[in-house]
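**Student:** One point on numbering: in this note's numbering, the residue at position 53 of the sequence shown is 54, and numbering is uninterrupted.
Ideal Cβ placement from N, Cα and C applies to all residues, glycine included.
Predicted model, so just to flag it, every value in this text is computed and none were measured.
Let me begin by handing over the structure; questions about it come next.
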Amino acid sequence: ENISFYPGNFGSYYYETSGGVVGVETRKTKDDRWQGKLDLNIFEGGFLFEGPVRENLSLGFAFHRNWHDLVLKAVIPEDAPISFLVAPRYYDYQFKLNYKANDKHNLEAFIFGSDDKMKLLVGKNESTGINFSLGVSFHIISLKHEWKISDKLLYTFEPVLGFSITEQIIGDENYLKVD
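Structural data, given as structure tokens:
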């Protein structure tokens, strides 16, 4: 529904580092009717379904996956000097539940995440080949309470819990995993 950028920077101690915050506000799920979207093409596939469960309660679910790893496995011959085990592959998902308690209070549960990986194997197996792998995944749960105190004042409380994993493998000896 809204994307905001709040630029900022750090002191000279951090050299040429700069930063900022990108705020993303998602819209509420549809509560007046069920709707869906299915997208299948040569590169990826995904779907979105959302709508009312009962009065004042609606939900939405979306999933997305690319086909690159499957296409490469089908196109590259078995006897090729390079083989892709997983190259590149990504999944992402979102689940949202909205509950409008009354005109002043809204509750929301939002679960979303992603699992992205690229793995390249030169050779026929992991023990004799040269490995190169990158992976990033995250999974987050957000619970939000919005309280409309007046027409000009909105109080929002939103605890968030999540984790991320970053993985890098270069060859058999170099391995980095950050949780």
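Buried or exposed: which applies to SER59, given that a residue is buried once 16 or more other Cβ atoms fall within 10 Å of its Cβ?
**Tutor:** In the sequence shown, counting from the first residue as 1, residue 59 sits at position 58. So SER59 ends up on the buried side.
**Student:** Roughly how many angstroms separate the alpha carbons of LEU162 and ASP33, rounded to a whole number?
**Tutor:** Your numbering for residue 162 matches position 161 in the sequence shown. Your numbering for residue 33 matches position 32 in the sequence shown. Each residue's Cα considered, the two are about 30 angstroms apart.
**Student:** Measure the Cβ-Cβ separation of GLU159 and LYS145 and say whether it is below 9 angstroms.
**Tutor:** Counting from one through the sequence shown, the residue named residue 159 turns up at place 158. Counting from one through the sequence shown, the residue named residue 145 turns up at place 144. It is a contact, given that the beta carbons lie within the stated cut-off.
**Student:** Is the beta carbon of ILE4 less than 9 angstroms from the beta carbon of VAL22?
**Tutor:** Taking the first residue of the sequence shown as position 1, residue 4 is located at position 3. Taking the first residue of the sequence shown as position 1, residue 22 is located at position 21. Cβ atoms of ILE4 and VAL22: not closer than 9 angstroms.
**Student:** I need the straight-line Cα distance from PHE164 to LYS118, nearest angstrom please.
**Tutor:** Stepping through the sequence shown from its first residue, residue 164 is reached at position 163. Stepping through the sequence shown from its first residue, residue 118 is reached at position 117. Cα to Cα, the separation comes out at about 16 angstroms.
**Student:** List the endpoints of the continuous alpha helix (DSSP H) containing LYS74.
**Tutor:** Residue numbering aside, residue 74 sits at position 73 when the sequence shown is read from its first letter. Unbroken alpha helix (DSSP H) run through LYS74: 69 to 76.
**Student:** Measure the C-alpha to C-alpha separation of ALA81 and SER115 and round it to an integer number of angstroms.
**Tutor:** Here residue 81 refers to the residue found at position 80 of the sequence shown. Here residue 115 refers to the residue found at position 114 of the sequence shown. The straight-line gap from Cα to Cα measures roughly 31 angstroms.
**Student:** In the DSSP assignment, what residue or residues form a beta bridge with LYS38?
**Tutor:** As a working mapping, residue 38 is identified with position 37 in the sequence shown. Bridge partners of LYS38: LEU49.
**Student:** Below 8 angstroms on the Cβ atoms is my guess for THR27 versus ASN99; work out the distance and round it to an integer in Å.
**Tutor:** As a working note, residue 27 is residue 26 in the sequence shown. As a working note, residue 99 is residue 98 in the sequence shown. The Cβ separation is near 10 angstroms, so there is no contact.
**Student:** Could you give the distance in angstroms between the alpha-carbon of SER90 and the alpha-carbon of ASP152?
**Tutor:** Locating residue 90 in the sequence shown gives position 89, counting from the first residue. Locating residue 152 in the sequence shown gives position 151, counting from the first residue. The sequence given here has Arg at residue 90, not Ser. Computed Cα separation, rounded: 46 angstroms.
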